[in-house]
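J.: Submitted below is the structure of interest, expressed as structure tokens.
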Amino acid sequence: SQTIHQWPATLVQPVGSPLSLECTVEGTSNPNLYWYRQAAGRGLQLLFYSVGIGQISSEVPQNLSASRPQDRQFILSSKKLLLSDSGFYLCAWSVRSGNTIYFGEGSWLTVV
Amino acid sequence: EDKVVQSPLSLVVHEGDTVTLNCSYEVTNFRSLLWYKQEKKAPTFLFMLTSSGIEKKSGRLSSILDKKELFSILNITATQTGDSAVYLCAVGPMDSSYKLIFGSGTRLLVRP
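Read top to bottom, the protein sequences are chains A and B.
Read in order, the letters of the first sequence correspond to residues 1 to 112 in the working numbering.
Read in order, the letters of the second sequence correspond to residues 1001 to 1112 in the working numbering.
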């Protein structure tokens, strides 16, 4: 069966510090991969999606970036965090022609 | 611009009550509508709907889609305290990336 893991689960970072959130999927090949952000009391906002290694599409201009160095690995990064980057970050995957996306456990980021 | 609107924003009921959650959408090239339940962490998948008038059912939960009027409802009968969660509606467009557009969710609280 397929599983998705992301880490760390929680982190508190000072403004201006770098960020790296990592996500891996197991049990499937060639998945579509996604990074979503959920601000408090709001819906999910798609940040990035990827249909293959090295193929990243950005949905929202921001100081975050994403990379997909391997087929089942997706990384969310920032060189310098802003206060507004605080939120709940979710990695997700779907099969290439799939109708459903499945979420990882999420990462709570607080920028102080 | 594609959008998904859920109502009500929040709802408080007592155990045993029946609730109806609403989701309306405006999306070009509609492919499917999905419902997720989000408790403390990651959303978990409930239903995917692609055809009008066909009810999907799982235990006390059921959902139906109206593609003519562009909405879906999620019904929960005989509610239990474990049903307390945020219920998210998402719509998927017809393209290869399969990006989902989420509503802001309905927060349901079931009191004993």
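Heads up, the beta-carbon is just placed ideally off N, CA and C, and yes, glycines get one too.
Note that the structure is a prediction, hence the values are computed from the model and not measured.
(1) Judging by CA-CA distance, which residue of G98/A, Y34/A and W93/A is the nearest neighbour of M1094/B?
(2) With which residues is G106/A paired in a DSSP beta bridge?
(3) Quick check on this structure: which residue in V95/A, G54/A, Q73/A and S57/A has the alpha carbon closest to the alpha carbon of S20/A?
(4) For V1012/B, is the classification buried or exposed, using 16 other Cβ atoms within 10 angstroms of its Cβ as the cut-off for buried?
(5) Measuring alpha carbon to alpha carbon, tell me which of S1058/B, E1039/B, L1021/B and E1069/B ends up nearest S1052/B.
(6) Just tell me which of V1110/B, T1077/B, Q1038/B and E1026/B has its CA closest to the CA of R1060/B.
(7) On the three-state DSSP scale, how would you describe T1044/B?
(8) By DSSP's criteria, Q62/A is part of a beta bridge. Which residues make up the other side?
(9) Got a sec: which bits of the segment 83-100 of chain A sit with their beta carbon under 7 Å from any beta carbon on chain B, in order along the chain?
(10) For a test of the three-state rule: what should DSSP assign to G27/A, helix, strand or coil?
(11) According to the Cβ coordinates, are Y102/A and F1045/B closer than 8 Å?
(12) Measure the beta-carbon distance from Q62/A to G27/A and round it to whole angstroms, keeping in mind my assumption that it falls under 8 Å.
(13) Closer than 7 Å, Cβ to any Cβ of chain A: which residues of the segment 1032-1048 of chain B, in chain order?
(14) Using a cut-off of 7 Å between C-beta atoms, extract the partners of F103/A located in chain B.
(15) Counting only Cβ pairs nearer than 9 Å, list the residues of chain B close to R42/A.
(16) For V25/A, count the other beta carbons within 10 Å of its own beta carbon; 16 or more makes it buried, fewer makes it exposed. Which is it?
T.: Reading from the atomic positions:
(1) On the second sequence, residue 1094/B is found 94 positions in, with the first residue counted as 1. Out of G98/A, Y34/A and W93/A, G98/A has the C-alpha closest to the C-alpha of M1094/B.
(2) Within the first sequence, residue 106/A is the residue found at index 106, counting from 1. BP columns for G106/A are empty, so no partner.
(3) As a working note, residue 20/A is residue 20 in the first sequence. Closest option to S20/A, Cα to Cα, is Q73/A.
(4) Translated into the one-based positions of the second sequence, residue 1012/B becomes position 12. The residue is exposed, with fewer than 16 neighbouring Cβ atoms inside 10 Å.
(5) Here residue 1052/B refers to the residue found at position 52 when the second sequence is read from its first residue. Answer by Cα proximity: E1069/B.
(6) Along the second sequence, one-based indexing puts residue 1060/B at 60. Considering only alpha carbons, the answer is T1077/B.
(7) Here residue 1044/B refers to the residue found at position 44 when the second sequence is read from its first residue. DSSP places T1044/B in strand when its eight states are reduced to three.
(8) Your numbering for residue 62/A matches position 62 in the first sequence. Answer by DSSP bridge pairing: none, since Q62/A is not bridged.
(9) L90, S94, G98, N99 and T100
(10) As a working mapping, residue 27/A is identified with position 27 in the first sequence. Three-state DSSP puts G27/A in coil, outside helix and strand.
(11) Start at 1 with the first residue of the first sequence, and residue 102/A comes out as number 102. Start at 1 with the first residue of the second sequence, and residue 1045/B comes out as number 45. Result yes, Cβ atoms of Y102/A and F1045/B sit closer than 8 Å.
(12) One-based indexing of the first sequence puts residue 62/A at position 62. One-based indexing of the first sequence puts residue 27/A at position 27. Incorrect: roughly 31 Å between the Cβ atoms, too far for contact.
(13) S1032, L1034, K1041, A1042, P1043, F1045 and M1048
(14) Working through the first sequence from its first residue, we reach residue 103/A at position 103. Chain B residues near F103/A: A1042 and P1043.
(15) Your numbering for residue 42/A matches position 42 in the first sequence. Correct list: S1104 and G1105.
(16) As a working mapping, residue 25/A is identified with position 25 in the first sequence. Its Cβ being crowded by 16 or more others within 10 Å, V25/A is buried.
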